[in-house]
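Asks: Dropping the structure in here first, questions after.
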């Protein structure tokens, strides 16, 4: 039996009172009003309503060890990233690893593997596989339907997947950046209930008015909090908080607790904020997560105040998993799975013979997954298109990691590198190798460093090479969270020393092959116009 005293935050009934909570056999046996001198607050634990655990570069068990330090007790987790590499086997790995620790991972069935037919992935999950996954009680929902054109044009496979989720009465997550008007109406009418991709107030408001739940996303790359938070005062019952993608160095610092603090600082009522952070995900996804009511599982946290939400203790199923600044979740053993089958590249393979005076250039945007298409003057040396560091137009390559194939080439603005190159085998959604650099030689060195390690992220300069190996599916480390977070922070610092002015250069890099988000992206098969949903040419003339 455990007894907790403090200021009890009853979100469901919107009241705060001095009291005592008794926990027996993992459940809340009683909640009583009682006078005492304890000033800290007890409330339900935070839930990240949409996250790809893989983006933390940690296995679920290691993610949990960090997340509980910030008061997070549960996640709604789309294992889409590992599924694109390893298929159903990857999903099963995530579920089984997550079960080994006291934390509530709620995995979905990845709906878009591969995300499109315009890239090479490591696996396929068709509607038959989706049916098998959704039959599994460990699978709580159909994960984000990124193929919104497939929904709009009644694609047979897409419709089968949606029908399957409805049959098993499991929620369907959405992904519809910029979709408005009749298109979003049809998308919602297909049974899709959420969206975490809104980047304007007006877009989110329209979707809310049409019955969607809107997730305010604040990850390591995509940051929509400021654009959407003003909707919360009126629409809090239909909104949630999520990270989507959270890199390990950021997870060392904060999680959903930080979004709560920012929302309260903007004057939004604390009960509305906590409704979004703790209650709405549990209700929408039918999660087995307690809400600090008698009879609930004891998934609760103790925080210093309701301003900064600094976590003092975290309980999951009544088990104390974080206390006095220390995570009490123990590391677990697991086997590494991977799918990495390409040979080292030569410098010649990154050359692009051209006489084009102008080229299409991807414009990366700070804090956004969307990009712009620019038309810029080309720089040609020895009949080869090359980076122009003065104009910050750098050569970029995507290399198929599943089979030997010539690298695809594009050019990108706003990475800012003045020397060297950076590369990553975390490349949404198919996780091929993505590299950006000032020369063909540097790009080739960075790519080959990742091929040697069968996955990772790296940076190279004239005098230095740094790499963080990611041996689990080429996207996840087999090390502990602190080690990975610190190694990632060093690489982030090196990228900035090379000249990058982006807040999260590697996270931004990882989305430059994400074809389902407009406008211009690069896959291993070529330059892709996400607005027209078709390939386009590098040369303009």
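In my numbering, the protein residues as written are 14 to 554.
A virtual CB, placed ideally from N, CA and C, is assigned to each residue, including glycine.
Since the model is a prediction, treat every value here as computed from it, not as a measurement.
#1: Distance, Cα to Cα, residue 8 vs residue 363?
#2: With distances taken from CA atoms, which of 536, 351 and 336 is nearest residue 96?
#3: Given residue 399, which residues of its chain have a CB within under 8 Å of its CB, disregarding the five upstream and five downstream residues?
#4: On the premise that residue 349 lies in contact with residue 84, defined as a C-beta separation below 8 Å, what is that separation, rounded to the nearest angstrom?
#5: Along the chain, where does the beta strand (DSSP E) that runs through residue 63 open and close?
#6: Run the CB neighbour count on residue 520, radius 10 Å, all protein chains shown included, and call it buried at 16 or more, exposed below.
#7: Tell whether a beta-carbon distance below 9 Å holds between residue 164 and residue 220.
#8: Whole angstroms are fine: how far does the CA of residue 247 sit from the CA of residue 23?
#9: Which residues mark the beginning and the end of the alpha helix (DSSP H) in which residue 217 is found?
#10: DSSP beta-bridge partners for residue 479?
#11: Would you identify the three-state DSSP class for residue 175, choosing helix, strand or coil?
#12: Taking the beta carbon of residue 506 as the centre, do at least 16 other beta carbons fall within 10 Å, making it buried, or is it exposed?
#13: Measuring only the C-alpha atoms, how far is residue 503 from residue 49?
#14: With a threshold of 16 other CB atoms inside 10 Å of the CB of residue 9, please say whether the residue is buried or exposed.
#15: Considering Cα atoms alone, identify which of 289, 513 and 536 is closest to residue 524.
#16: What separation, rounded to the nearest whole angstrom, lies between the Cα atoms of residue 301 and residue 244?
#17: Straight-line CA distance for residue 492 to residue 366?
#18: From residue 127 to residue 46, what does the alpha carbon distance come to, in whole angstroms?
#19: Can you say whether residue 28 is buried or exposed, counting buried as having 16 or more other CB atoms within 10 angstroms of its CB?
#20: Starting from residue 457, trace the alpha helix (DSSP H) in both directions and tell me its first and last residue.
#21: Could you check which residue in 80, 426 and 292 has the C-alpha nearest to that of residue 401?
#22: Hey, could you find the ends of the beta strand (DSSP E) residue 533 is sitting in?
#23: With residue 510 as the anchor, note down where its alpha helix (DSSP H) starts and where it stops.
#24: To test your reading of the DSSP string, which unbroken alpha helix (DSSP H) runs of 4 or more residues are found completely within the region 70-133?
#25: Start and end of the alpha helix (DSSP H) containing residue 353?
#26: Find out if the Cβ-Cβ distance for the pair residue 395, residue 255 is shorter than 9 Å.
#27: In terms of residue numbering, what span does the beta strand (DSSP E) encompassing residue 230 cover?
#28: Can you give me the C-alpha to C-alpha distance between residue 185 and residue 171, rounded to a whole angstrom?
#29: In this structure, does DSSP put residue 282 in helix, strand or coil?
#30: Just to confirm before moving on: does the CB-CB distance between residue 375 and residue 434 stay below 9 Å?
#31: Helix, strand or coil for residue 42 per DSSP?
#32: Give every residue of the same chain whose Cβ lies closer than 7 Å to the Cβ of residue 467, excluding the five residues on either side of it in the sequence, and list them in chain order.
#33: Here's the rule I'm using: 16 or more other beta-carbon atoms within 10 Å means buried, otherwise exposed. How should residue 14 be labelled?
#34: Nearest-angstrom Cα distance between residue 327 and residue 234?
#35: Checking 9 Å against the spacing of the C-beta atoms, do residue 296 and residue 64 come in under that value?
#36: Among 232, 358 and 153, which has the Cα closest to the Cα of residue 121?
Replies: For this structure:
#1: No information on residue 8 is available, as it lies outside the stretch 14 to 554 that the chain covers here.
#2: 351
#3: Beyond the five residues adjoining it in sequence on each side, residue 399 comes within less than 8 Å, by CB distance, of 392, 393, 408, 452 and 453 in the same chain, given in chain order.
#4: Residue 84 to residue 349, Cβ: 30 Å. No contact.
#5: Run containing residue 63: 59-64, per the beta strand (DSSP E) assignment.
#6: buried
#7: no
#8: 20 Å
#9: For residue 217, the uninterrupted alpha helix (DSSP H) run begins and ends at 214-222, by DSSP.
#10: 472
#11: helix
#12: exposed
#13: Using only the alpha carbons, I get a separation of about 46 Å.
#14: With the chain covering 14 to 554 only, the question about residue 9 has no answer from this structure.
#15: 536
#16: 28 Å
#17: Approximately 42 Å, taken between the alpha carbons.
#18: C-alpha separation (whole angstroms): 53 Å.
#19: Answer is exposed; the Cβ neighbour count stays below 16.
#20: 453-465
#21: 426
#22: 533-536
#23: 494-510
#24: You should have 73-80, 93-99 and 101-111.
#25: Unbroken run through residue 353: none, as it is neither H nor E.
#26: no
#27: Per DSSP, residue 230 belongs to the beta strand (DSSP E) from 226-230.
#28: 12 Å
#29: Correct three-state label for residue 282: coil.
#30: no
#31: strand
#32: 351, 353, 484 and 487
#33: Exposed is the call here.
#34: Taking the straight line joining both Cα atoms gives about 27 Å.
#35: no
#36: 153
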